[in-house]
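Worksheet for the structure shown next.
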Amino acid sequence: MPGGQQVALGAALGAAMLCALATAAPATPVAYACDLIRDAETLRLTFDIDPVSFAPAVDPNDPPRRQVSHVALGNDRFEAEAVLTEDGTRGFWSPERDLMLTLPRTGRVRLSDGADADWRGECKER
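The sequence shown runs -24 to -1, 1 to 102 under mature numbering (1 follows the signal peptide of the UniProt record, and there is no 0).
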């Protein structure tokens, strides 16, 4: 294959890969609504995850991206560190509030707040 065709083929493959990467994750954050229970108490919270913020930088000179979740817990609103693992578990961590939420693909959520028992329940995409 002549050099010009190799360059054109490489550019086409590169463009196709970028397109696939760009469309693999939603362009906007994914929001979740969670209903939790511990003992006889119930708790409702919402949070979001932006999967795009976990993508590797296109340019190595780009500054690091922050992975932030916006959390609403009752009337309280705050930012927490977003969590997205290789197996698809999502959630957030807030060391200031001693909160860790994990949401595996099953939808069964667990919220740890430093108490002896965790909050458990379900989350659904909004």
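From the three backbone atoms N, C-alpha and C, an ideal C-beta is built for every residue, glycine too.
Measuring C-alpha to C-alpha distances from serine 45 to each of Asn51, Ala58 and Pro36 identifies Ala58 as the nearest.
For secondary structure counted as the alpha helix (DSSP H) over 4 or more consecutive residues, the region 5 to 90 holds no complete run.
DSSP places arginine 102 outside any beta strand (DSSP E), giving it a letter other than H or E.
The C-beta of valine 34 has fewer than 16 other C-beta atoms within 10 Å across all chains shown, which makes the residue exposed. By the Cβ rule, the region 66 to 74 does not count as touching the region 13 to 22, because fewer than three pairs are nearer than 8 angstroms. The residue from Leu19, Ser29 and Arg20 with its alpha-carbon nearest to that of arginine 66 is Ser29. Around the beta carbon of alanine 56, 16 or more other beta carbons lie within 10 angstroms, which makes this residue buried. Proline 27 is a Cβ neighbour of valine 6, given a cutoff of 8 angstroms. Distance from the CA atom of arginine 53 to the CA atom of arginine 84, rounded to whole angstroms, is 23 angstroms.
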